[in-house]
Amino acid sequence: MFICRISKILKHNATHKTLFLDLKMRAQPGQFVMVWIPGIDEIPMSLSHFGNEIAITVEKVGEATEALHNMKKGDKLGIRGPYGNGFKIVGKKALFVAGGVGIAPLLPLIKEYEGEKCVILGARNKNLLLFEDEIKKFANLYITTDDGSAGYRGFATDLAKKILMREKFDVVYTCGPEPMMKKVLDLCIKSKIPLQASLERYMKCGVGICDSCAIDGYHVCKDGPVFNESILMKLSDFGKWKRNEAGRKISIS
Ligand SMILES: Cc1cc2nc3c(=O)[nH]c(=O)nc-3n(C[C@H](O)[C@H](O)[C@H](O)COP(=O)(O)OP(=O)(O)OC[C@H]3O[C@@H](n4cnc5c(N)ncnc54)[C@H](O)[C@@H]3O)c2cc1C
4 MFICRISKIL
14 KHNATHKTLF
24 LDLKMRAQPG
34 QFVMVWIPGI
44 DEIPMSLSHF
54 GNEIAITVEK
64 VGEATEALHN
74 MKKGDKLGIR
84 GPYGNGFKIV
94 GKKALFVAGG
104 VGIAPLLPLI
114 KEYEGEKCVI
124 LGARNKNLLL
134 FEDEIKKFAN
144 LYITTDDGSA
154 GYRGFATDLA
164 KKILMREKFD
174 VVYTCGPEPM
184 MKKVLDLCIK
194 SKIPLQASLE
204 RYMKCGVGIC
214 DSCAIDGYHV
224 CKDGPVFNES
234 ILMKLSDFGK
244 WKRNEAGRKI
254 SIS
């Protein structure tokens, strides 16, 4: 484990912050790290930036993520990783479909992907849109909000359906709420386009030992978090069930 310090904090809105850490790390877009918050917990976080320093973009949902939100510049964190497989760069024209904080693992991929790129960035409302200005520098950006406060009114998947009907892509990359990713999978199967989706499951070890993140025989931490359409089609829990910290199945549809 590397012990590092928070070098910079970006506050996006009341529930999202990006923490930059003074740790040099090479990684694949889509890989994640286990973040140890002293005295609280250790949780998985995607790398929203890596290189001479790394960054994690944190949505406040519970105890550990709230503790990260309360940290200050100079505070210490423990980092293990990078873990997982990451996204594979394929083809010359890609569609990215991001929902909420799901943009975090996609951001380094959008920067690294060489070729034509179109990004659909969806959020519940305009205050929850993340990295809008940064994405515009690298890709053709479409915004969707559930309440219509910015961009197209509706779900990211509604716009994805329209775009996929009029344009051909070599690959679709997605990350966000699982019901959204399930709809993206259905669209890709219909349009016969390869898909890569980054999944989230409750994780403890991050390295394939504890079994907490098992889904239909795969470990999200080691075999994923990125899965392609041929595996996603076979995952009976995908878009329907996840397990909580007690291992109990809970509905996500
Ligand atoms: C590979 C991977 C990458 C991730 N990347 C990011 C990221 O870039 N940014 C980010 O904000 N979050 C990310 N997450 C989710 C993040 O790890 C959880 O939100 C966090 O562990 C919740 O901890 P907590 O103590 O704050 O909340 P808890 O009190 O543990 O839980 C609060 C709520 O969040 C849900 N939750 C807990 N753990 C997870 C999980 N692993 N996946 C989905 N829901 C969960 C719980 O069911 C509960 O409803 C990622 C998860 C994985 C597996």
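Residue numbers (my numbering): 4 to 256.
For glycine and all other residues, C-beta sits at the position ideal for the given N, C-alpha and C.
Under the three-state reduction of DSSP, P32 is assigned to coil, being neither helix nor strand.
Between the C-alpha atoms of G87 and K11 there is a straight-line separation of about 26 Å. In the structure shown, H15 adopts coil according to DSSP, grouped into three states. Secondary structure note for A163: its alpha helix (DSSP H) is the uninterrupted segment A159 to R169. If you draw a straight line from the Cα of M4 to the Cα of A249, it is about 26 Å long. For R204, the number of other beta carbons within 10 angstroms of its own is at least 16, and it is reported as buried. Judged by their CB atoms, L124 and L131 are not nearer to each other than the 8 Å cut-off. Distance from the CA of K165 to the CA of G154, rounded to the nearest whole angstrom, comes to 15 Å.
The Cβ atoms of I57 and L24 lie closer than 8 Å to each other. DSSP places D44 in the uninterrupted beta strand (DSSP E) bounded by D44 to S49.
Looking at the DSSP output, G81 sits in a beta bridge with I6 and W39. Straight-line measurement puts the Cα of Q31 at about 22 Å from the Cα of E181. Counting only residues of its own chain and dropping the five nearest sequence neighbours on each side, K185 has a CB closer than 7 Å to the CB of F241 and G242. Here S194 carries a helix assignment [DSSP, helix/strand/coil]. Annotated as proximal: K20 and K14, with beta-carbon spacing under 8 Å. DSSP places G105 in the helix class (H, G or I) of the three-state scheme.
Comparing C-alpha distances from K139 to each of K79, I40, C121 and F53 shows the shortest one belongs to C121. In the three-state reduction of the DSSP assignment, I92 falls in the coil class. The three-state secondary structure of N130, taken from DSSP, is helix. Between the beta-carbon of Q34 and that of G89 there is about 4 Å, and that keeps the pair under the 8 Å contact cut. The C-beta distance from R83 to M37 rounds to 4 Å, short enough to fall under 8 Å.
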